[in-house]
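Here's the structure, in structure tokens; my notes come after.
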Amino acid sequence: MTAGLTLDWSSGGIEGSVNRIKKIKRQLYGRAGFDLLRKMILFQ
């Protein structure tokens with residue numbers, strides 16, 4: 001908590017990317033392998 005108030009940088013951009021990838025993984029659960037996951041991440 002204190003790091004968010006005292007530091008000049010933020011990890012918000014990375015957290016957003018991780019959440020986007022997690023959402024895609026949930027959508028693709030049980031459908032296909034890594035190749036389709038990779039394509040979905042690159043195209044979004």
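For the sequence shown, counting from 1, position 35 maps to 35 in UniProt numbering; every step adds exactly one. Just so you know, even glycine gets a beta-carbon here, dropped at the ideal spot from N, CA and C.
A Cβ-Cβ separation of about 7 Å places L37 in contact with K25 under the 8 Å criterion.
For G30, there is no enclosing alpha helix (DSSP H), as DSSP marks it with neither H nor E. Taken through DSSP and simplified to helix, strand or coil, L37 comes out as helix. Secondary structure at L7: coil, using DSSP grouped into helix, strand and coil.
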